[in-house]
Structure formats: C-alpha cells, structure tokens
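Numbers given in our numbering equal positions in the sequence shown, counted from 1, plus 5.
We put the beta carbon where it would ideally sit given N, CA and C, even for glycine.
Every value quoted in this text rests on a predicted model; they were computed, and no experiment measured them.
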Amino acid sequence: MTLIRADLHIHTTFSDDSQTTPKNLVEQLVAHPTIKVAAVTDHDSVKGINTVRQLAQPYPDILILPGVEISTPQGDILILGTEQLPPKPWTIENVVDFAKDNACVSVAAHPFREWGLGDLTRDSKVDAIEVLNGASSTQANKQAHELAKSMKLPGVAGSDSHQPSELYSVYTEVQASMNVDEILKAIKKGAVTVSQTEKSIHF
Ligand SMILES: [Zn+2]
Numbered sequence: 006m007t008l009i010r011a012d013l014h015i016h017t018t019f020s021d022d023s024q025t026t027p028k029n030l031v032e033q034l035v036a037h038p039t040i041k042v043a044a045v046t047d048h049d050s051v052k053g054i055n056t057v058r059q060l061a062q063p064y065p066d067i068l069i070l071p072g073v074e075i076s077t078p079q080g081d082i083l084i085l086g087t088e089q090l091p092p093k094p095w096t097i098e099n100v101v102d103f104a105k106d107n108a109c110v111s112v113a114a115h116p117f118r119e120w121g122l123g124d125l126t127r128d129s130k131v132d133a134i135e136v137l138n139g140a141s142s143t144q145a146n147k148q149a150h151e152l153a154k155s156m157k158l159p160g161v162a163g164s165d166s167h168q169p170s171e172l173y174s175v176y177t178e179v180q181a182s183m184n185v186d187e188i189l190k191a192i193k194k195g196a197v198t199v200s201q202t203e204k205s206i207h208f
C-alpha cells in the first residue's frame, strides 16, 4: 500500500491576503522530508496553479494538486482537483455540484471558524470535511472532527497557510500513489488520516 502526505489547503500570493510565493511553496515542498503533495487553494482564483506547477515541474518526487477555495455567502468550500472556477452564483449547491460533475472533491473548510459553513455543512452534500485546519483553534477542529464522524464523511487536513512559515503545519495521509485522480478517489473513499507536523520540523 502506498501512502502519501499532502497539505490540502494553501494560499499563495495569488490570494490577496497571502505572502507565500509560488517559489516558497515549491522550495519547501522539495525540501520537506515527508510531505510531498501540496494543494494550491487560493481565494476564488485558480490563476496561481500554472505558475506553481511550472516551478514544480523539474522535481519528479513532488505533486501539485490544483484547487480553489470558494467564498460562498454561507462559508468557504474547497474544491480539490479543479483548474476552473465553478459557475456563478456561488451558492453551496452550485459549488458542490460542480465538484461532483467534474470528479473533484468538495470540502467544508474550517466549518466552525469564521467563514465556515458551521451547521449548514449537514445539508451541504460536501464530499469531506476539513477536520484539522492549521489556522483554527483546537476546539474548532475538534467540533469539525465530531461533525465528520456524525456525518460519516472523510476528514482532511490543510495548513490554510498565508505565510511561508505556516506551510505544511498539518497534513493528510492518503492511501494513494503520486497521482491526482488516485488521491481524489482515495479522499472520497475515506482512505485518509490527519496529523499535525512535529514542531521540530522548521525551515
Ligand atoms: Zn483558506
């Protein structure tokens, strides 16, 4: 069985509020001893994906997962596996349906933090729940974990990093090889566990 470790929630400078350049993302991914997959999930934009991918191209042992974090009026939803934006209006339903129709994975991002779907997640038909968010409190992550358990949905982890120093603070371990489609399918099946990176790993 192959296991990969992925940070499934990363903002680059293609998000207005992030200082992490595509170069920062790729360099730290190359240097990281165990996390080798990174999802680019900028706010409402897929413009950074090609830049990150081009920088990653010389390194065969890392993988960039395309994605986006869509701001719906009710809260943020990650779409993993897309290089395109869903059609507007960005309702919960439109975003989740777009993910399903395009073999992507929809994730309720940090449901119990600001800009999270909260209890609306229950009616949202998302594929997974972000149960470990690097920028959320322990309490908010615990609540998300309990929600995923009660909904019998897979739980994933992402750093939600907006600074180079916050990259790869948490990771999702996926039973898949270094292949985007395999990773997406494994997440949907729930072949995932989440972990926090050891504090000793610094860059
Ligand atoms: Zn985010």
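- Sequence-distant Cβ neighbours of T77 in its own chain, meaning closer than 7 Å and more than five residues away, are W95, T96, I97, V100.
- DSSP, reduced to helix, strand and coil, places I134 within a strand of the structure shown.
- CA-CA distance, Q24 to E171, rounds to 10 Å.
- Taking the Cα of Q62 as reference, the smallest distance to any Cα among A140, P27, D47 is reached at P27.
- The closest heavy atom of ligand 1 lies 6 Å or more from the beta carbon of D102.
- Assignment of R118 by DSSP, reduced to helix, strand and coil, places it in the coil class.
- Taking D165 as the centre and dropping the five residues before and after it, the same chain places the C-beta of H14, N138, G139, A140 closer than 6 Å to its C-beta, in chain order.
- Between the C-alpha atoms of V112 and H37 there is a straight-line separation of about 25 Å.
- Ordered along the chain, residues surrounding ligand 1 are E74, D165 [Cβ under 5 Å from any heavy atom].
- Ranked by Cα distance from G53, the options L90, P65, Q33, Q79 are led by L90.
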